[in-house]
Amino acid sequence: MARKPLWLGAGVAAVLIVVSGIGLYHYAFAPKDGEPVGGPVEMPSTQGDFSLTQLDDDQLAILSFGYTFCPDICPMTQSVKRQALAQLSEEQRERVVPVMITVDPERDTIERMQEYMGFFGEEFIGAVGSQEQLEDVAARYGVIWRKVEAPDSAMAYTIDHSASLFLVNREGEILQRVLYSPTPHGLVSALESELGS
């Protein structure tokens with residue numbers, strides 16, 4: 000009978016350790032002073048399980064958030080990425096991985112993302128996480144989105160969302176945040192700054 004409290008105490012201690020670890024993780028990657036802190040990105044994608052840790056030490060990812068039913072900003076953002084990549088040298092292009100994380104996991108399947116990202120280039124990756132994964136990553140990258148009902152539309156709803164791009168390394172460190180623009184100049188400048196000549 001004396002062993003039961005001992006095992007109970009050990010179980011409680013184990014739970015506290017796990018909860019503390021989760022709390023420390025979220026604290027470490029929580030936005031401070033309103034600035035996004037980035038961090039790990041691990042999600043299923045159009046090219047298998049994707050993780051920033053798959054990048055080489057000299058590579059970076061252009062992360063953006065969007066969805067395939069988006070009528071304007073999202074396709075424009077992917078087009079801007081493609082235009083920016085075209086202005087880099089071949090060596091620089093090989094060090095850049097373009098990624099879009101969907102903010103609409105309810106409708107954006109891997110298959111739909113494959114078709115959508117294929118319009119922009121075979122190197123473009125579409126990541127489709129669970130709602131929980133999306134909320135975690137979006138919070139750390141300072142991305143805001145909300146569903147807007149559209150009862151008179153065949154789409155049923157649209158999504159308003161942040162449109163910044165993030166240049167990140169394999170550790171998820173945000174090297175530069177690039178504000179949305181319909182032209183590639185700002186993105187090209189940021190990429191050249193990080194990649195060098």
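Residue numbering for the sequence shown follows numbering that gives the first Met the number 0, starting at 0 and increasing by one per position.
Even for Gly, the Cβ is constructed at its ideal location relative to N, Cα and C.
Per DSSP, reduced to three states, the secondary structure at Ser44 is strand.
Within a 10 Å sphere around the beta-carbon of Ile100 sit 16 or more other beta-carbons, which makes this residue buried. With contacts defined by Cβ atoms closer than 7 Å, Phe49 and Ile124 form a contacting pair.
For Gln175, there is no enclosing alpha helix (DSSP H); the enclosing beta strand (DSSP E) covers residues 173-177. Annotation: Gly141 to Gly171 spans about 13 Å, alpha carbon to alpha carbon. In the three-state reduction of the DSSP assignment, Glu148 falls in the strand class, which pools E and B. Under the Cβ criterion (8 Å, minimum of three pairs), the stretch 50-68 counts as touching the stretch 162-181. Around the CB of Val40, 16 or more other CB atoms lie within 10 Å, so the residue is classed as buried. Under the three-state reduction of DSSP, Glu134 is assigned to helix.
Taking the Cβ atoms as the reference, Thr76 lies roughly 7 Å from Tyr179, within the contact range of under 8 Å. Taking each of Met154, Leu54, Leu166 in turn and checking the Cα distance to Phe64, the smallest one comes out for Leu166.
Shortest Cα-Cα distance from Met154 to any of Ala137, Leu51, Tyr66 involves Tyr66.
For Ala189, the enclosing alpha helix (DSSP H) begins and ends at 184-194. Partner residues in the beta bridge of Pro97, as assigned by DSSP, are Ile61. Cα atoms of Met116 and Ala126: separation of roughly 10 Å, rounded to the nearest angstrom. The closest CA to that of Gly47, considering only Thr108, Ala137, Val187, is found on Thr108.
If you draw a straight line from the Cα of Ser192 to the Cα of Ser129, it comes to about 34 Å. Membership of Ala126 in the beta strand (DSSP E) is indicated by the continuous run 124-126. Of the residues assessed, Gly33 falls on the exposed side of the cut-off, its CB having fewer than 16 other CB atoms within 10 angstroms. Here Ala83 is buried, its C-beta having at least 16 other C-beta atoms within 10 Å.
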